[in-house]
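A.B. asks:
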Amino acid sequence: MFNLNKPIPTPKLWGKKKSQQRRSPFFFLSLFLLSLIFLFFLTFTSIPKSLFSSSSSKTTALSLQFPHCEIRISGENFLWYAPHSGISNQLSEFKNAVLMAGILNRTLIIPPILSHHAIALGSCPKFRVQSPKEIRVSVWDHVIELITSGRYVSMADIIDISSVLSSSHVRAIDFRVFVSSWCGLDLDLACAKEPNTQPTYLVDSLKQCGLLLSGVDGNIDRCLFSVDDDCRTTVWTYGNDEADGALDSFQPNEQLKKKKKISYVRRRRDVYKTLGPGSKADSATVLAFGTLFTAPYKGSELYIDIQKAPRDSNIQSLIKKIKFLPFVPEIISAGKQFAVQTVKAPFLCAQLRLLDGQFKNHWEATFSDLKQKLDSVSQTVSRPIHVFVMTDLPRGNWTGNYLGDLAKDSTNFKLYFMNEEDSLVMETAKKLALAGHGLRFGSSLGGIESTDTVAKLQKHCAPHILPDILLFIEETICSCGSLGFFGTAGSTIADNIEIMRKFSSCSNQREDHKMM
Numbered sequence: 001m002f003n004l005n006k007p008i009p010t011p012k013l014w015g016k017k018k019s020q021q022r023r024s025p026f027f028f029l030s031l032f033l034l035s036l037i038f039l040f041f042l043t044f045t046s047i048p049k050s051l052f053s054s055s056s057s058k059t060t061a062l063s064l065q066f067p068h069c070e071i072r073i074s075g076e077n078f079l080w081y082a083p084h085s086g087i088s089n090q091l092s093e094f095k096n097a098v099l100m101a102g103i104l105n106r107t108l109i110i111p112p113i114l115s116h117h118a119i120a121l122g123s124c125p126k127f128r129v130q131s132p133k134e135i136r137v138s139v140w141d142h143v144i145e146l147i148t149s150g151r152y153v154s155m156a157d158i159i160d161i162s163s164v165l166s167s168s169h170v171r172a173i174d175f176r177v178f179v180s181s182w183c184g185l186d187l188d189l190a191c192a193k194e195p196n197t198q199p200t201y202l203v204d205s206l207k208q209c210g211l212l213l214s215g216v217d218g219n220i221d222r223c224l225f226s227v228d229d230d231c232r233t234t235v236w237t238y239g240n241d242e243a244d245g246a247l248d249s250f251q252p253n254e255q256l257k258k259k260k261k262i263s264y265v266r267r268r269r270d271v272y273k274t275l276g277p278g279s280k281a282d283s284a285t286v287l288a289f290g291t292l293f294t295a296p297y298k299g300s301e302l303y304i305d306i307q308k309a310p311r312d313s314n315i316q317s318l319i320k321k322i323k324f325l326p327f328v329p330e331i332i333s334a335g336k337q338f339a340v341q342t343v344k345a346p347f348l349c350a351q352l353r354l355l356d357g358q359f360k361n362h363w364e365a366t367f368s369d370l371k372q373k374l375d376s377v378s379q380t381v382s383r384p385i386h387v388f389v390m391t392d393l394p395r396g397n398w399t400g401n402y403l404g405d406l407a408k409d410s411t412n413f414k415l416y417f418m419n420e421e422d423s424l425v426m427e428t429a430k431k432l433a434l435a436g437h438g439l440r441f442g443s444s445l446g447g448i449e450s451t452d453t454v455a456k457l458q459k460h461c462a463p464h465i466l467p468d469i470l471l472f473i474e475e476t477i478c479s480c481g482s483l484g485f486f487g488t489a490g491s492t493i494a495d496n497i498e499i500m501r502k503f504s505s506c507s508n509q510r511e512d513h514k515m516m
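If you count by the UniProt record's numbering, then the sequence shown holds residues 1 to 516, one letter each, in order.
1. Among all the DSSP beta bridges, which residues are the ones paired with Y238?
2. Grouping DSSP H, G and I as helix and E and B as strand, with all else coil, what is I135?
3. Tell me whether N496 sits in a helix, a strand or coil according to DSSP, three-state version.
4. With DSSP run on the structure shown, which of helix, strand or coil describes S123?
5. Look at L79 and L108 and say whether their C-beta atoms are less than 9 Å apart.
6. Report the residue from V343, L434 and V454 whose alpha carbon sits nearest the alpha carbon of F413.
7. For M390, which three-state DSSP category applies?
8. To which residues does DSSP link K414 through a beta bridge?
9. Rounded to whole angstroms, what's the CA-CA distance from T411 to C349? Just pull it up for me.
10. Just to confirm my understanding: we take F486, look at its own chain, exclude 5 residues before and 5 after, and list those with CB closer than 6 Å. What are they?
11. Can you give me the Cβ contacts of K502 inside the same chain, cut-off strictly under 8 Å, excluding the 5 residues immediately before and after it?
12. Give the range of the beta strand (DSSP E) segment to which I109 is assigned.
13. From I304 to Q379, what does the alpha carbon distance come to, in whole angstroms?
14. Which whole-angstrom value is the C-beta distance of A172 and I113, which I expect to be below 8 Å?
15. Counting only the same chain and skipping the five closest in sequence on each side, list residues whose C-beta sits under 7 Å from that of K430.
16. What residues are listed by DSSP as bridge partners for S154?
17. To the nearest angstrom, report how far apart L457 and L355 are at their CA atoms.
18. Who are the near neighbours of R311 in its chain, counting only those whose CB is closer than 7 Å to its CB and skipping five residues on each side?
19. Take N89 and list the residues in its own chain whose beta-carbon comes closer than 8 Å to its own, dropping the five residues that flank it on each side.
20. By alpha-carbon positions, which one of A288, A97, A334 and S263 ends up nearest to V227?
21. When the Cα of C461 is compared with those of L471, I473, L202 and G436, which residue comes out closest?
22. Could you please give me the residues that DSSP links to E301 through a beta bridge?
23. Is the beta carbon of residue 536 less than 9 Å from the beta carbon of T391?
24. Looking only at its own chain, which residues have a Cβ that is under 6 Å from the Cβ of residue 554, when we skip the five neighbours before and after it?
25. Could you name each continuous alpha helix (DSSP H) segment of 4 residues or more that falls completely within the stretch 188 to 218, going from the start of the chain to the end?
26. Counting along the chain, where does the alpha helix (DSSP H) carrying D375 start and finish?
27. In terms of DSSP beta bridges, what is F486 paired with?
28. From this set, V164, Y152, C506 and F472, which residue's C-alpha is nearest Q316's C-alpha?
29. When the Cα atoms are used, what is the spatial distance from A281 to A339?
30. Contact between the stretch 200 to 208 and the stretch 253 to 266 is defined here as three or more beta-carbon pairs at a separation below 8 Å; is this criterion met?
31. If you drop the 5 nearest sequence neighbours on each side, which residues of the same chain put their C-beta closer than 8 Å to that of I497?
32. In angstroms with no decimal places, state the Cα-to-Cα distance between C191 and C124.
33. Is DSSP giving A433 helix, strand or coil here?
34. Put A455 into one of helix, strand or coil per three-state DSSP.
35. Decide if E242 is buried, meaning its Cβ has at least 16 other Cβ atoms within 10 Å, or exposed.
36. Measure the C-alpha to C-alpha separation of G438 and V328 and round it to an integer number of angstroms.
Here you go:
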């Protein structure tokens with residue numbers, strides 16, 4: 001039974017006291033969390049938002065991944081560029097790169113020879129080109145493909161630049177040697193004999209390093225300065241009397257502006273003042289150009305107009321030296337051997353470009369001009385006339401055209417030609433692969449590369465596939481033609497042969513290199 005006289009506790013008072021005991025810890029915890037949030041908000045608003053951008057984050061990550069980025073190794077700074085198109089254009093760009101490296105006092109990173117038309121620039125006259133950043137990325141990807149597939153051939157494996165470097169203040173380093181050290185990677189591991197067997201981490205790191213060097217995420221202080229001025233906006237000059245930044249004589253016309261909706265203005269800028277000492281670019285370890293291709297156009301130059309340097313005797317001398325860069329002795333010897341041991345007589349060289357681009361539409365004019373040349377020669381020499389034919393038209397397609405007629409007229413003409421399978425071509429390619437001329441550049445820069453690393457690259461990164469050198473031997477043979485030369489109008493190959501003949505390439509090469 002209930003005791004009605006017993007006092008009954010008050011529920012409200014009891015409940016309030018118990019609630020206070022339970023909520024006190026959470027109350028103070030909430031205050032603490034609110035204080036932290038408020039402090040974070042104040043801190044966040046005081047930090048520049050650029051530090052939190054994705055581009056900056058990527059750049060910082062890449063900089064940390066490649067520690068050489070912000071350091072001038074052994075006091076060197078470097079110039080990298082992105083060549084394009086066929087070998088003649090690539091050689092022209094290489095000469096310009098040597099010149100730019102000399103003017104800016106930078107060590108030139110020697111590129112490989114790219115596959116024919118693997119990289120396309122576009123049209124400067126039409127103001128329709130790949131941006132420097134785009135072409136740098138494309139070239140980097142292609143170069144890594146050449147390395148991993150065993151098809152890498154350095155420009156210095158084909159072109160003899162030793163005399164230019166030894167007689168000037170220009171320095172150079174092989175691309176593979178530079179990448180091995182600057183990216184901090186064992187590049188010799190990428191030169192696997194079997195395609196696609198390279199370590200995944202290595203390929204990924206190469207791609208990341210390429211993104212950094214291509215300037216995908218912009219410039220990096222003391223590390224990289226990417227030149228994003230191209231032929232649409234800039235013509236580089238050096239040491240002349242004109243005002244820096246003056247308008248170039250070639251500008252897009254009003255019709256092109258309206259049709260393509262472009263607003264480009266081409267200005268002439270002094271490369272030394274813009275990218276040399278005292279500029280933002282000068283503090284960067286690597287200066288990255290896009291293409292360095294130029295050509296005369298409508299009274300101006302498309303991108304580089306440095307024909308002389310009257311105020312700088314060293315650069316003036318360098319300009320003269322790079323007008324002609326000979327092939328390496330192995331190629332010269334092979335060409336001379338063919339002329340002496342196979343032709344064995346005075347001959348005329350006929351360079352006929354018939355299949356590529358615009359040339360396929362001008363057969364009739366080309367054959368007509370060749371016939372006139374041969375008719376002229378026939379008046380001064382006895383028959384048969386010896387003719388070395390250098391052409392991209394397969395012999396199976398000679399039937400029914402002037403080449404076929406020449407081949408059948410054995411009384412008046414004796415034709416000679418080369419194939420990739422010829423023993424002389426194959427043996428020369430093997431010698432070049434073993435010589436490894438390109439990898440000789442860089443080992444002397446002790447701070448950036450050790451002899452051991454170069455030795456590993458020489459051992460593991462020799463081409464697994466013999467380099468395609470037929471064109472270079474053919475050009476040398478044409479330079480030896482004592483009866484003259486006929487070249488296809490507008491062909492850069494013909495222009496190169498004319499330069500070789502002008503500088504007496506066939507007779508002036510070192511004779512101490514034994515013929516094969």
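All C-beta atoms in this analysis are idealised placements derived from N, C-alpha and C, irrespective of residue type, glycine included.
C.D. replies: For this structure:
1. Reading the sequence shown from its first residue, position 238 is the one you call residue 238. DSSP, once it has assigned bridges, lists no residue as partnering Y238.
2. Start at 1 with the first residue of the sequence shown, and residue 135 comes out as number 135. Of the three classes helix, strand and coil, the one that applies to I135 here is helix, per DSSP.
3. Numbered from 1 along the sequence shown, position 496 holds the residue referred to as residue 496. In the structure shown, N496 sits in a helix (DSSP, three-state: H, G or I).
4. The count along the sequence shown starts at 1 and reaches residue 123 at position 123. Three-state DSSP puts S123 in a strand.
5. Here the question's residue 79 lines up with position 79 in the sequence shown. Here the question's residue 108 lines up with position 108 in the sequence shown. Yes. Within cutoff.
6. The count along the sequence shown starts at 1 and reaches residue 413 at position 413. Checked all of V343, L434 and V454; the closest Cα to F413 is V343.
7. Locating residue 390 in the sequence shown gives position 390, where the first residue counts as 1. Correct three-state label for M390: strand.
8. Stepping through the sequence shown from its first residue, residue 414 is reached at position 414. When DSSP reads this structure, K414 sits in a beta bridge with H386.
9. Reading the sequence shown from its first residue, position 411 is the one you call residue 411. Reading the sequence shown from its first residue, position 349 is the one you call residue 349. Cα-Cα distance, rounded: 18 Å.
10. Taking the first residue of the sequence shown as position 1, residue 486 is located at position 486. The answer, listed in chain order, is A350, L370 and K373.
11. Against the sequence shown, residue 502 aligns to sequence position 502. These residues qualify, in order along the chain: F324.
12. As a position in the sequence shown, residue 109 is number 109, starting the count at 1. Note, I109: beta strand (DSSP E), T107 to I110.
13. In the sequence shown, counting from the first residue as 1, residue 304 sits at position 304. In the sequence shown, counting from the first residue as 1, residue 379 sits at position 379. So the two alpha carbons sit approximately 44 Å from each other.
14. By 1-based counting over the sequence shown, the position of residue 172 is 172. By 1-based counting over the sequence shown, the position of residue 113 is 113. Cβ-Cβ separation between A172 and I113: approximately 15 Å, too far for a contact (criterion under 8 Å).
15. Residue mapping note: residue 430 aligns to position 430 of the sequence shown, counting from 1. The answer, listed in chain order, is L466.
16. Position 154 of the sequence shown holds residue 154. S154 pairs with P112.
17. Looking up residue 457 in the sequence shown gives position 457. Looking up residue 355 in the sequence shown gives position 355. As the crow flies, the alpha-carbon of L457 is around 38 Å from that of L355.
18. As a position in the sequence shown, residue 311 is number 311, starting the count at 1. Closer than 7 Å at the Cβ level, and outside the excluded window around R311, lie G239.
19. Position 89 of the sequence shown, counted from the first residue, corresponds to residue 89. Only P83, F293 and T492 meet the Cβ criterion.
20. Position 227 of the sequence shown, counted from the first residue, corresponds to residue 227. Selection A288, A97, A334 and S263 evaluated against V227 yields A288 as nearest (Cα-Cα).
21. Along the sequence shown, one-based indexing puts residue 461 at 461. Comparing Cα-Cα distances from C461 to each of L471, I473, L202 and G436, the minimum goes to G436.
22. Walking along the sequence shown from the start, residue 301 turns up at place 301. Note: E301 sits in a beta bridge opposite P296.
23. In the structure as shown, the chain starts at 1 and stops at 516, and residue 536 therefore has no counterpart that could be examined.
24. In the structure as shown, the chain starts at 1 and stops at 516, and residue 554 therefore has no counterpart that could be examined.
25. Taken in chain order, the unbroken stretches of alpha helix (DSSP H) that lie wholly in the stretch 188 to 218 and span 4 residues or more are 200 to 213.
26. Position 375 of the sequence shown holds residue 375. Bounds of the alpha helix (DSSP H) holding D375 are W363 to S378.
27. Taking the sequence shown and counting its residues from 1, the one referred to as residue 486 is at position 486. When DSSP reads this structure, F486 sits in a beta bridge with A350.
28. Within the sequence shown, residue 316 is the residue found at index 316, counting from 1. By alpha-carbon distance to Q316, the top candidate from V164, Y152, C506 and F472 is V164.
29. Numbered from its first residue, the sequence shown carries residue 281 at position 281. Numbered from its first residue, the sequence shown carries residue 339 at position 339. Per the coordinates, the alpha-carbon of A281 lies some 49 Å from the alpha-carbon of A339.
30. Segments in contact, no.
31. Position 497 of the sequence shown holds residue 497. By the criterion of a C-beta distance shorter than 8 Å, I497 is surrounded in its chain by C349, Q351, E475, C478, S479, F485 and G487, once the five residues flanking it on both sides are discounted.
32. Against the sequence shown, residue 191 aligns to sequence position 191. Against the sequence shown, residue 124 aligns to sequence position 124. Their backbone Cα atoms lie some 36 Å apart in a straight line.
33. Numbered from 1 along the sequence shown, position 433 holds the residue referred to as residue 433. Helix.
34. On the sequence shown, residue 455 is found 455 positions in, with the first residue counted as 1. It is helical.
35. Position 242 of the sequence shown holds residue 242. It is exposed - the Cβ of E242 has fewer than 16 other Cβ atoms within 10 Å.
36. On the sequence shown, position 438 is the one that residue 438 refers to. On the sequence shown, position 328 is the one that residue 328 refers to. Roughly 11 Å between the two C-alpha positions.
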